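Colleague: The opening position of the sequence shown corresponds to residue 4 in the working numbering, with each subsequent residue numbered one higher. Heads up, the beta-carbon is just placed ideally off N, CA and C, and yes, glycines get one too. Here the structure is a predicted model, which is why all the values come from computation and not from measurement. Sharing a structure, written as structure tokens. Questions coming.
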Amino acid sequence: MLVSSTSGVELATHDLGGTGTTLLISHATGFHGRCYWPIATLLADTFHSMAFDYRGHGDTARPEGGIDWQRYGDDAFAMATRLTQTIGEPIVAFGHSMGGASLLMAAHRDPTLFRRIIAFEPIVFPPPNVAADDNPESMLVAAARRRRTTFPSYEEAIAHYSSKPPLNAFTADALAAYVRHGFISDPDGTIHLKCLPATEADTFAGGGLHGTWDRLPEIATEVLVVGGRPEGIGPATIAGRIAERLPNGRYLRRDDLDHFGPMTHPAECAEIIRAEMKR
Numbered sequence: 004m005l006v007s008s009t010s011g012v013e014l015a016t017h018d019l020g021g022t023g024t025t026l027l028i029s030h031a032t033g034f035h036g037r038c039y040w041p042i043a044t045l046l047a048d049t050f051h052s053m054a055f056d057y058r059g060h061g062d063t064a065r066p067e068g069g070i071d072w073q074r075y076g077d078d079a080f081a082m083a084t085r086l087t088q089t090i091g092e093p094i095v096a097f098g099h100s101m102g103g104a105s106l107l108m109a110a111h112r113d114p115t116l117f118r119r120i121i122a123f124e125p126i127v128f129p130p131p132n133v134a135a136d137d138n139p140e141s142m143l144v145a146a147a148r149r150r151r152t153t154f155p156s157y158e159e160a161i162a163h164y165s166s167k168p169p170l171n172a173f174t175a176d177a178l179a180a181y182v183r184h185g186f187i188s189d190p191d192g193t194i195h196l197k198c199l200p201a202t203e204a205d206t207f208a209g210g211g212l213h214g215t216w217d218r219l220p221e222i223a224t225e226v227l228v229v230g231g232r233p234e235g236i237g238p239a240t241i242a243g244r245i246a247e248r249l250p251n252g253r254y255l256r257r258d259d260l261d262h263f264g265p266m267t268h269p270a271e272c273a274e275i276i277r278a279e280m281k282r
């Protein structure tokens, strides 16, 4: 199934299986929807999980022009709208990093789309918004631009990532999903990264510029904001403040998780989702 978004973008969608309550999974910068297959598998007895790829990520093409985080909000809005129309009721959504911020943008436009959002360290920062060269994400921008894009095979890519942080901390299933669905293969077996370094870098550079912080008090949806141990300046440190600004927000601090928690600890993240829906 393709879902139409703005700028002529057709979103690739992925049915991750399961039965029960519909769960929309919204991925982080540089990743793709099928990275979260381990979480979906753990929830398959209770949730029917659906994921999608944001523009420029996974199997969704990047349109011409620059990166604007509001367009990621367009993508989340389009996907959530399609699902609510299909099932006839508001959905539950889990968003990681950029994916959490994009869900909040969609909820700001139409809070009736969501029964509840679980946002894992969403990228929503308070003013002053500063240029990428001056903010803490500048190191992420530089690292993204240097990202290796080609490997001789899927197996060699997995071996490479298994030896280097942060991906070496991913579970084997999560790392395999990232590689198997995040690269495209040539006839000779050579594989190429689908999310281009420029797309990832430009997304990091715009992470503090989308203005969602100022709109948080206007979002009526119930939101659980999950953050790992607060350290320095980053999404874990700001997670509690995001929850405070949301009219129906709550904060869950998990010192056992870092920003890649959904990939390093899928069982724990699945349990957070399951527990939230039992409230």
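1) Kindly provide the ranges of any alpha helix (DSSP H) runs that are 4 or more residues long and lie completely inside the stretch 144-197, ordered along the chain.
2) Could you spell out where the alpha helix (DSSP H) holding Asp18 opens and where it closes?
3) I want to see whether chain B comes within less than 7 Å of Arg218, judged by CB atoms only; does it?
4) So what does DSSP say about Tyr254, is it helix, strand or coil?
5) For the beta strand (DSSP E) that contains Arg118, what are its first and last residues?
6) On the DSSP bridge list, what partners appear for Ile28?
7) Which same chain residues end up closer than 7 Å to Leu143 when comparing Cβ atoms and leaving out the 5 residues on each side of it in sequence?
8) Taking the C-alpha atoms as reference points, what is the distance between Ser166 and Thr44?
9) Within its chain, find whatever has a CB closer than 6 Å to the CB of Ala172; leave out the 5 residues flanking it on each side and keep chain order.
10) Asp71 and Ala15 - do their beta-carbons sit closer together than 7 Å?
11) In whole angstroms, what is the alpha-carbon distance linking Ala270 and Gly69?
12) Inspect the CB distances between the stretch 193-208 and the stretch 26-40 and report whether three or more fall short of 8 Å.
13) Alpha carbon to alpha carbon, how far is Ala180 from Ala134? Give it in angstroms, no decimals.
Modeller: Straight from the coordinates:
1) 157-164, 175-185
2) Unbroken run through Asp18 is the beta strand (DSSP E), 13-20; no alpha helix (DSSP H).
3) In summary, chain B is missing from the structure at hand, where a single protein chain is found.
4) strand
5) 117-123
6) Ala54, Phe97
7) Phe207
8) 26 Å
9) Thr267
10) no
11) 36 Å
12) yes
13) Residue confidence is low: Ala134 scores 43 on pLDDT, short of 50, so the model does not pin down where it sits. Its coordinate-derived value is still stated next. Each residue's Cα considered, the two are about 33 Å apart.
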